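Let me begin by presenting the structure, written as structure tokens, before commenting on it.
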Amino acid sequence: MFSEVLQEFAEKELILPTLPLSYISFELANKDSPLPEAHLQANVPQPFEATKVLEAHVSKLTTVIEGEDVKPVHDITFSYCQADAGGYRHSPGDTIGVLCYNTEEDVEFILERLNLQSKGDVPCSVAIDARTTKKAAKVPLFVPAVVSCRRLFQECLDLRAVPKKLLIRALVPCASEENDRRFLEVLCCKEGNAAYERTVFQKGKGLISLLRLVPSCRPTVGLLIEHLPRLMPRPYSIANVYREDSGTSVRFLFSHNVNNPGITTSYLRGLEKGAKVFFYFRQSSAFVYKDTDLQRNIIMIGTGTGVSPYLSFLELRAAALARGETVGRAELFVGFRYRERSYLCEDEIKEYLETGALDACHVAFSRDTDTRHKYVQSQIRERRDLIIENLRNAHGLFYVCGDSKVLLPQIMDTVVELLAAEPEKEDREDIRACIGRLKKDGKYREDVWL
Ligand SMILES: Cc1cc2nc3c(=O)[nH]c(=O)nc-3n(C[C@H](O)[C@H](O)[C@H](O)COP(=O)(O)OP(=O)(O)OC[C@H]3O[C@@H](n4cnc5c(N)ncnc54)[C@H](O)[C@@H]3O)c2cc1C
Ligand SMILES: NC(=O)c1ccc[n+]([C@@H]2O[C@H](COP(=O)([O-])OP(=O)(O)OC[C@H]3O[C@@H](n4cnc5c(N)ncnc54)[C@H](OP(=O)(O)O)[C@@H]3O)[C@@H](O)[C@H]2O)c1
């Protein structure tokens, strides 16, 4: 990849973007500058925050699915102090944001490349370089004024974000080898757009992969602070209800992509019972199931870990039934790979079916050979009347949980297909517009995973 790019651009003239002005100074701090124990972003404003960041501990952690040709799934519970949360009570459908840590492997790689292994834990101060000519220079909000290199790379900077062209431009003078400099020049200029797409955008793990290609490139810590984005918290859907009597805990399920492990899922998988963690409650979205919704008929659709928010819906319904209240009908549509090996929370679902908290569960198994329904869409098509009744009835609620790129649009397409086959059929665009209105009115509720 490296030599191909060099060959392709041999002797070609490149018009480089202007070198960005540097503006951060990163220097040894006063020796008596202890770093906080809490996650370094614990006091920074968080996206969609409903509470401040809470310190919690892992009170339960189980691997619920693992084995051949399945994505491992873990079921994890954080216990926290209700007073810290200011009395906040989460609702079914809500999410938390988990403050994460870059992997040790990535952090060690950067420390080694920057020749900082022996100084990784020394407190340093981050400030605006008095010599800079950059206007309105600011230290990013997510970088503390005093920090060690190790913790800066662990907790503050996204080491796997796709490097922007300006960062690559800034890296050019940091490479001592001519070929490395030329490679970086190609990637940051307009003429090298295709090479940038191939080598930086589509492949690898951001800065880490890029630096592996240019071994003589040793950027400064200040440069990385100037150019790397914030390591963002990741959202997870809460799988339990808030209960006064059960202590304050949040449960969620997450899957792990073994072939391409992510930052947070790697961090979460490495936790042990009792480990300290930092998270916050996010503001409720339209995807919420409240006491006032209990009487309504609901349809819930999800695949894999996308079943997890519905566990809290069902827990709320079960509690209402136990109090002698009546609840509307609830039907669940879920899809997994294998009936035997990856049917997530099967026992819980069965129990809810037995107690009446759930009226029916329609399951699809994508990788079983003897299955009639490969994907949930097939189950949905087979229950066309139910779906249409739910959407047309003013008291019905329709929930879908999944990623915004594939699952949510495909479920919407399936619903459009069903409605378009009605005798009084409308134009598909009109149906889409109608679903758009249902979303706005809070009847068609999506949990949008990225
Ligand atoms: C509102 C909302 C709620 C969410 N709720 C949940 C939830 O309850 N459970 C849950 O597991 N996730 C949930 N997610 C997704 C979650 O926030 C993370 O994006 C996910 O866990 C990956 O984070 P990461 O830091 O490990 O991956 P990153 O380091 O951000 O890397 C992402 C890349 O890693 C790969 N990747 C990592 N893990 C997976 C995986 N399991 N499947 C496919 N590709 C993967 C992908 O290639 C992806 O491009 C939710 C997302 C949103 C927006
Ligand atoms: N981007 C991320 O980092 C990330 C992380 C976690 C979860 N998610 C999203 O969250 C959801 C659940 O994730 P997961 O890892 O728990 O599930 P998963 O194991 O990837 O998939 C669960 C089931 O859904 C099936 N499926 C795949 N594509 C589908 C489609 N287009 N329509 C219907 N079913 C489909 C799978 O079938 P096959 O695999 O056999 O085709 C499998 O049976 C997914 O939407 C996933 O994309 C994204």
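Each residue of the sequence shown is one higher than the one before, counting from -6 in my numbering. Even for Gly, the Cβ is constructed at its ideal location relative to N, Cα and C. As the structure is a prediction and not an experimental result, all values here were calculated from the model.
Other residues of its chain near residue i: CB distance less than 7 Å, five sequence neighbours each side excluded
i           : result
residue 352 : 322, 323 and 324
residue 273 : 39, 42, 44, 45, 46, 47, 89 and 90
residue 367 : 357 and 359
residue 204 : 106 and 210
residue 376 : 355
residue 180 : 161, 188, 189, 192 and 193
residue 172 : -1
residue 296 : 327, 328, 369, 395 and 400
residue 178 : 7, 9 and 165
residue 75  : 241
residue 5   : 184
residue 148 : 32, 33, 34, 94 and 224
residue 283 : 84
Close beta carbons around residue i, own chain, < 6 Å, minus the five adjacent residues each side
i           : result
residue 139 : 22, 26, 116 and 118
residue 218 : 17 and 136
residue 336 : 329
residue 313 : 287 and 320
residue 19  : 117, 119, 214 and 215
residue 114 : 141 and 143
In DSSP terms, what residue i is bridged to
i           : result
residue 66  : 58 and 248
residue 88  : 230
residue 269 : 50
residue 121 : 17
residue 294 : 326 and 393
residue 150 : 223
residue 41  : For residue 41, which the question treats as bridged, DSSP gives no partner whatsoever.
residue 353 : 324
residue 242 : 72
Closer than 7 Å: residue i CB and nearest ligand 1 heavy atom
i           : result
residue 438 : no
residue 264 : no
residue 328 : no
residue 256 : yes
residue 152 : no
residue 95  : no
residue 230 : yes
residue 335 : no
Cutoff 8 Å; reference residue i; Cβ partners in own chain excluding five residues on either side
i           : result
residue 221 : 150, 151, 152, 154, 160 and 200
residue 404 : 294, 369, 370, 373, 393 and 395
residue 279 : 432, 435, 438 and 439
residue 63  : 330, 331, 334 and 335
residue 121 : 16, 17, 18, 130, 131 and 132
residue 110 : 101 and 104
residue 281 : 84, 85, 86, 87 and 438
residue 157 : 220
residue 163 : 12, 13, 15, 212, 216, 219 and 220
Through-space distance from residue j to residue i, alpha-carbon basis
i           : j           : result
residue 234 : residue 388 : 23 Å
residue 306 : residue 408 : 22 Å
residue 35  : residue 60  : 36 Å
residue 316 : residue 300 : 25 Å
residue 290 : residue 424 : 22 Å
residue 249 : residue 8   : 42 Å
residue 134 : residue 37  : 7 Å
residue 232 : residue 246 : 7 Å
residue -5  : residue 256 : 26 Å
residue 29  : residue 259 : 24 Å
residue 419 : residue 427 : 10 Å
residue 332 : residue 365 : 12 Å
residue 261 : residue 101 : 19 Å
residue 267 : residue 52  : 6 Å
residue 318 : residue 391 : 22 Å
residue 348 : residue 227 : 34 Å
residue 361 : residue 269 : 39 Å
residue 141 : residue 123 : 21 Å
residue 55  : residue 72  : 15 Å
residue 230 : residue 339 : 18 Å
residue 292 : residue 380 : 8 Å
Proximity test, residue i beta-carbon vs ligand 2 heavy atom, cut-off 7 Å
i           : result
residue 64  : yes
residue 400 : yes
residue 281 : no
residue 392 : no
residue 248 : yes
residue 360 : yes
residue 369 : yes
residue 86  : no
residue 378 : no
beta-carbon residue i near ligand 4 non-hydrogen atom, thresh 7 Å
i          : result
residue 83 : Absence of ligand 4 is noted for the structure shown, with ligand 1 and ligand 2 being the only ligands found.
8 Å Cβ cutoff, residue i in contact with chain E
i          : result
residue 82 : Although the question refers to chain E, the structure presented lacks it and comprises just one protein chain.
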